[in-house]
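Before any comments, here is the structure.
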Ligand code: HEC
Ligand code: HEC
Ligand code: HEC
Ligand code: HEC
């Protein structure tokens, strides 16, 4: 926690620089966050409650319920990830999906082009909107995407359960290749995923992140000691190691989308497949929130001034006794604008903050769907030319290479869960590149 104090001081210094030349944004409550973070107040947090003695074993700590008596506020807010909150683009729901069962918004129905773009890969079988942490285990158990329990590897649990911390401690990297049925338990994402079982301090529990950080490829931030690295354990792009099935972040050549594509070109990765319609080798990208927010050729203002994931998604709350604590209800930041955004944007007011954000998201949302559909058209056209023999040899390879690259760029933004909010300039840049490639590819195959 000391590290966080240091981090927020430097974030605050960065804020001063920004705010001193910015008069349309108020810096009134930039202090709120700082004040609650003095060590005195941290002790206040547990005043009157049972002092946390720590857990003897990791296994005891894997059950989040066991933490409740010591940290009732955090526990209550963690449990509340069960509630669905609908914003225009997020919150576990999606306004556009009205009429669908909110519990399980089916992406394949909502966005028909996905079936073409993911043809030949499990995502064409089942793809639902993501939702709160409490559902992570249920959702991986239920998915149509994975084979039967005795065939799927334990690695599918990697980002879904506190049990992983216990079992990796026991089996080391042998854990990831074990059968799912043998290791699946009852604990979803919880306290032990981000906290030390002995003293509850904030802790990264997944060593694959340390491996990824060792590439030293961050350019925009210094990741060392950041508390939002807890999110980078899971909200990042990854594939499974070919031998151990352990998650690997493709960060060996950098964190931009181009750099990650370069990493994929070193060897065929677990989430790559030969596209059923075009035969191109394509990759399935997974939710690169951390990379898009902090990195990219374009840098977002919010990362630049020192904000991290927790600033917007874990805002400060107060209980009935006036005790301040950090929200553990991870959801859309647009449902907590007073606590998450007012310290800088109060002068805009709540409605305006939401309107400005959704206007930014709307442009990315429209573009990612339009390009998703254009990609599907290109795939179908390429498949036809391939089948009727109009396209073969070098030309076919060239067209497949275009498909591979365009799909990589489009998917990187499509699967990122903020609909561009986290870094809208970068989202547009990457999508524009995808579209240009698709147009080039179309022009090329139409000439044949
Ligand atoms: C400046 C505030 C801010 C920061 C910092 C931030 N986010 Fe977000 N995040 C948002 C907003 C706003 C949305 C869009 C919510 C919506 O569409 O309703 C969002 C959406 C999301 C979503 C999808 C949530 C949903 O309801 O659909 C996830 C997951 C997410 N962010 C994770 C992260 C991670 C991980 C980080 C750190 C790398 C991060 N965020 C940093 C503001 C922020
Ligand atoms: C996804 C990661 C994550 C999970 C899961 C998580 N925490 Fe936290 N927790 C954090 C982070 C990060 C902070 C520091 C936030 C800050 O200082 O801004 C924190 C802060 C805390 C604090 C410090 C006091 C405060 O200000 O709230 C306590 C106590 C705590 N968490 C308890 C819990 C308990 C109990 C659970 C399970 C019910 C839990 N946490 C689950 C990431 C997590
Ligand atoms: C152990 C892995 C893990 C960690 C650590 C983690 N997340 Fe998540 N997060 C997930 C998974 C998996 C989901 C989707 C669950 C589902 O849909 O069943 C999710 C969902 C979310 C959502 C809701 C998305 C939606 O569409 O409603 C938000 C917001 C979010 N996470 C933010 C964060 C933030 C911020 C942190 C860091 C403090 C964090 N997460 C840490 C795995 C993790
Ligand atoms: C620590 C200060 C800070 C926090 C907290 C913060 N922002 Fe910002 N935000 C800025 C700054 C600085 C800018 C760039 C200057 C400007 O547009 O005022 C900005 C820009 C924006 C913009 C772009 C405005 C435009 O039209 O170009 C949006 C939208 C936005 N923020 C939304 C949010 C939301 C939503 C939250 C909370 C979830 C949030 N911000 C939290 C400081 C902050």
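Residue numbers (the working numbering): 3 to 450. A virtual CB, placed ideally from N, CA and C, is assigned to each residue, including glycine.
Taking the straight line between their C-alpha atoms, what separation do you get for residue i and residue j?
i: residue 145; j: residue 449; result: 42 Å
i: residue 297; j: residue 429; result: 11 Å
i: residue 425; j: residue 306; result: 11 Å
i: residue 341; j: residue 301; result: 24 Å
i: residue 389; j: residue 362; result: 41 Å
i: residue 434; j: residue 188; result: 43 Å
i: residue 439; j: residue 242; result: 28 Å
i: residue 153; j: residue 60; result: 27 Å
i: residue 451; j: residue 219; result: It is not possible to answer for residue 451, since the shown part of the chain is limited to 3 through 450.
i: residue 196; j: residue 394; result: 51 Å
i: residue 52; j: residue 268; result: 53 Å
i: residue 171; j: residue 372; result: 45 Å
i: residue 233; j: residue 311; result: 7 Å
i: residue 316; j: residue 208; result: 20 Å
i: residue 325; j: residue 319; result: 8 Å
i: residue 114; j: residue 106; result: 16 Å
i: residue 229; j: residue 397; result: 49 Å
i: residue 111; j: residue 74; result: 40 Å
i: residue 72; j: residue 274; result: 45 Å
i: residue 222; j: residue 369; result: 26 Å
i: residue 282; j: residue 322; result: 58 Å
i: residue 62; j: residue 141; result: 24 Å
i: residue 392; j: residue 85; result: 53 Å
i: residue 163; j: residue 264; result: 31 Å
i: residue 248; j: residue 116; result: 27 Å
Only counting the same chain, and skipping five residues up and downstream in sequence, which positions put a Cβ closer than 7 Å to that of residue i?
i: residue 334; result: 87, 89, 92 and 93
i: residue 214; result: 251 and 253
i: residue 246; result: 175, 178 and 179
i: residue 442; result: 404
i: residue 352; result: 339 and 340
i: residue 225; result: 215 and 231
i: residue 462; result: In the structure as shown, the chain begins at 3 and stops at 450. Residue 462 is therefore absent and cannot be evaluated.
i: residue 257; result: 219, 220, 293 and 297
i: residue 201; result: 56
i: residue 169; result: 177 and 185
Do residue j and residue i have their beta-carbon atoms positioned less than 8 Å apart in this structure?
i: residue 108; j: residue 374; result: no
i: residue 304; j: residue 122; result: no
i: residue 292; j: residue 237; result: yes
i: residue 139; j: residue 190; result: yes
i: residue 211; j: residue 194; result: no
i: residue 161; j: residue 148; result: no
i: residue 385; j: residue 280; result: yes
i: residue 64; j: residue 167; result: yes
i: residue 181; j: residue 156; result: yes
i: residue 332; j: residue 377; result: no
i: residue 227; j: residue 80; result: no
i: residue 203; j: residue 244; result: no
i: residue 186; j: residue 143; result: yes
i: residue 132; j: residue 419; result: yes
i: residue 199; j: residue 57; result: yes
i: residue 431; j: residue 299; result: yes
State the beta-bridge partners of residue i as determined by DSSP.
i: residue 283; result: 276
i: residue 181; result: 155
i: residue 319; result: 327
i: residue 197; result: 204
i: residue 108; result: 130
i: residue 249; result: 242
i: residue 431; result: Its beta-bridge partners do not exist; DSSP assigns none.
What is the C-beta distance between residue i and residue j, in whole angstroms, given that I count them as a contact (C-beta under 8 Å)?
i: residue 259; j: residue 405; result: Actually they are not in contact, since the Cβ atoms of residue 259 and residue 405 sit about 16 Å apart, beyond 8 Å.
i: residue 76; j: residue 327; result: 6 Å
i: residue 444; j: residue 383; result: 7 Å
Less than 8 Å between C-beta atoms, sequence neighbours within five positions excluded: which residues of the same chain meet that for residue i?
i: residue 400; result: 446
i: residue 239; result: 251, 252, 262, 287, 288, 289, 290, 293 and 414
Skipping 5 residues on each side, what residues in its chain have a beta carbon closer than 6 Å to that of residue i?
i: residue 422; result: 363, 366 and 429
i: residue 360; result: 90
i: residue 417; result: 287 and 289
i: residue 437; result: 373
i: residue 329; result: 79, 316, 317 and 319
i: residue 464; result: It is not possible to answer for residue 464, since the shown part of the chain is limited to 3 through 450.
i: residue 66; result: 192 and 193
i: residue 165; result: 64, 187 and 189
i: residue 427; result: 300
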